[in-house]
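Read left to right, the sequence shown gives residues 297 to 687 (the working numbering).
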Amino acid sequence: MIRKTRLFTPGPTPLLPAAQFAMAAADIHHRTPEFRAMFQKVLAQLKVFVGTKNDVLLLSSSGTGAMEASVSNLTSPGDRVLVLSAGKFGERWVGLAKAFGCEVDVVSAPYGQTFDLEAVRAALKPEHRVVFLQATETSTAVRHDVEGIAKLVRETEALLVVDGITGLGTTHFDVDGWGIDVLIGGSQKAVMIPPGLSYLSVSDKAWAAMETSKNPRYYFDLRKERKNAAKGESAYTPAVALIAGLGAALDYIAGQAGGDLEKGRIALVDNAQVNAAATRAGLVALGFTLFAPTAPAAAATAVAVPEGMNSGDVVKALKTRFALVTANGQGEMQGKIFRVAHLGFFDYLDTVALLGAMEHIAKDTLGLPVEYGQAVAAAQRVYADAVNSGQ
Ligand SMILES: *Cc1c(COP(=O)(O)O)cnc(C)c1O
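Here's what the structure looks like:
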């Protein structure tokens, strides 16, 4: 039988056809009026997509490049910083801050859980220059309470830097109201295009901190990027085709709400939340255990396989039988969990397809007692409730 490849990984995510066409047509030079017009339009759209009045910069790098830029531009060697870490991406903040000579304090939560706000409050010291965290920890599919944490950080002088790489497009943020100084996104996540671009919003307070920070930076010099962006350019040769694709994707997201990008962004978040809730209901109905039951992200769902079974078998069976690509656990979680994504260009029927496939895999690969339709029916009830309540 025909098997269509379906990406269900939390980055890269499925590509939007309109963005693919825009990328294929983007043979323009980057020091021309044509490019400047496109770049300025995309930067303006990104501000609406991020939901801020702050500057938003676009870098030609994967998401980690913008994470590194926020460390190198905002800190000096010897600075004390606080990292909130609950998974592989939190650990990346620790590694980055140490690489740039920071003294790193860590508040951690076990894999699959989020932070205790009292522990965060107790750990925050007046010396902390920056607090780093994820909005959603993609390795465990946990959502963190950015609003609650921002409230605590606002009582201090520290800057707040949020890796929203899978949080943007799956979580509602009030960037300016909550006081998020830097919020980072990546192209291969909710904005439906291939890897290669990162973007970040930067507050006035963060710009001011860059005047005195001493860490070395060259390619990722945000002040240089800001100067160039004001002229519609980037400091170095940008990923022109990806920027064209990003513009088309943001047009598509706006088009979901009659051309209003802010409303389109809200609809995209709601879409991910309904698909995530439907997926959780379907998998629980099949007898699986959610890995992050108390604070599940809408970006992705992490599922534990029953004791004695290997999540790699599920990932492999979905790929060989249905060409459906999911993600195994990372690091110590490999073999214990698998992850499926909901961020970006996924619709409800993609969710139904995944759950239909999971019924076969649960029965044939894992030997669970499965009644066909049981996962799909649970998801259909979630969808119907969401539609009835106006989502
Ligand atoms: C994907 C992802 C990143 C960025 O990874 P890159 O491979 O550098 O794009 C960072 N943080 C989170 C939470 C992510 O999901």
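Note that CB positions come from ideal geometry on N, CA and C, so glycine has one too.
Chain-order list of residues whose beta-carbon lies under 6 Å from that of residue i (same chain, five-residue window excluded)
| i | result |
| --- | --- |
| G528 | R332, F335, Q336 |
| S366 | V457, V478 |
| G482 | G359, I461, S494 |
| G688 | Since the first and last residues shown for the chain are 297 and 687, residue 688 lies out of range. |
| W389 | V379, F428 |
| A405 | A382, F411 |
| A674 | A577, G578, A581 |
Contact test: residue i Cβ vs ligand 1 heavy atom, cutoff 7 Å
| i | result |
| --- | --- |
| S358 | yes |
| D459 | yes |
| F634 | no |
| G482 | yes |
| G575 | In the sequence under discussion, the amino acid at residue 575 is Thr, which differs from the Gly named in the question. No, Cβ of T575 sits at least 7 Å from all heavy atoms of ligand 1. |
| Q430 | yes |
| P592 | no |
| F642 | no |
| R307 | Rather than Arg, the amino acid found at residue 307 in this sequence is Gly. Because some heavy atom of ligand 1 lies under 7 Å away, the Cβ of G307 counts as near it: yes. |
| P491 | yes |
| T434 | yes |
| F385 | yes |
| T466 | no |
| T410 | no |
| T462 | yes |
| K485 | yes |
Nearest to residue i (by Cα), restricted to the options the options
| i | options | result |
| --- | --- | --- |
| P602 | P665, A568, A405, A574 | P665 |
| D351 | L645, G492, T432, L342 | L342 |
| H440 | T410, T452, G383 | T410 |
| F641 | T452, E451, I489 | I489 |
| Q484 | T533, L303, L651, A505 | L303 |
| L518 | M363, T466, S381 | M363 |
| T466 | Q626, A568, V683 | A568 |
| T590 | F317, R376, Y407, K394 | Y407 |
| T575 | A595, E558, V683 | A595 |
| R677 | G541, L339, Y644 | Y644 |
| V570 | R561, V683, R522, E443 | V683 |
| F516 | W503, A531, A505 | A531 |
| K501 | G397, S381, T452, A395 | T452 |
| L542 | P308, S685, L339 | L339 |
| T597 | G604, G560, T647, A504 | T647 |
| L353 | A680, M297, P534 | P534 |
| A505 | E521, A526, L455, H468 | L455 |
| Y679 | D566, E628, G391, Y668 | D566 |
| G627 | A572, E387, F317, Q316 | E387 |
Supposed contact pair residue j and residue i - C-beta distance, whole angstroms, cut 8 Å
| i | j | result |
| --- | --- | --- |
| F378 | V403 | The identity of residue 378 in the sequence shown is Leu, whereas the question assumes Phe. Indeed, because the Cβ distance is near 7 Å, the residues count as touching under 8 Å. |
| P306 | A637 | 4 Å |
| A688 | A593 | This structure gives no information on residue 688, because the portion of the chain shown stretches from 297 to 687. |
| A715 | A563 | Shown here, the chain extends from 297 to 687; a query on residue 715 therefore has no answer. |
| I480 | G359 | 7 Å |
| Q430 | D459 | 5 Å |
| S497 | L355 | Actually they do not touch by this definition, with Cβ atoms about 12 Å apart. |
Sequence-distant residues of its chain with Cβ nearer than 8 Å to residue i (five each side left out)
| i | result |
| --- | --- |
| N624 | S607, G608, V611, Q630, G631, I633, F634, R635 |
| A415 | V403 |
| D401 | R376, V377, L378, V379, A419, K421, H424 |
| L538 | M319, S356, S483, I489, P490, G492, L493 |
| R561 | V344, F345, G347, G465, I549 |
| R522 | D351, L353, V498, W503 |
Beta-carbon contacts of residue i that lie in its chain and below 7 Å, excluding the five residues immediately before and after
| i | result |
| --- | --- |
| D556 | A550 |
| R299 | F618, A619 |
| L614 | L620, T622, A653, I657 |
| A671 | G578, L579, A581, L582, L651, M654, E655 |
| R417 | L448 |
| A486 | L464, G465, T466, L564, L639, G640 |
| F385 | Q430, E433, T434, S435, D459 |
| V536 | A322, I324, H326, F331 |
| A314 | A544, Y548 |
| F587 | G408, T436, A437, A598, V599, A600, I633 |
| A525 | L339, L353 |
| K559 | A553 |
| G361 | L355, S494, F516 |
Any C-beta of chain B under 8 Å from that of residue i
| i | result |
| --- | --- |
| K659 | Annotation note: the requested chain B is absent from the structure, which comprises a single protein chain. |
Worksheet item: Counting pairs of Cβ atoms below 8 Å between the segment 652-665 and the segment 508-525, do you hit three or more?
Response: no
Discussion item. Count Cβ pairs between the segment 462-475 and the segment 344-364 that sit closer than 8 Å; are there 3 or more?
Written reply: yes
Worksheet item: Quick check: the segment 421-429 against the segment 359-376, are there 3 or more CB pairs under 8 Å?
Response: With three or more CB-CB distances shorter than 8 Å, the segment 421-429 counts as touching the segment 359-376.
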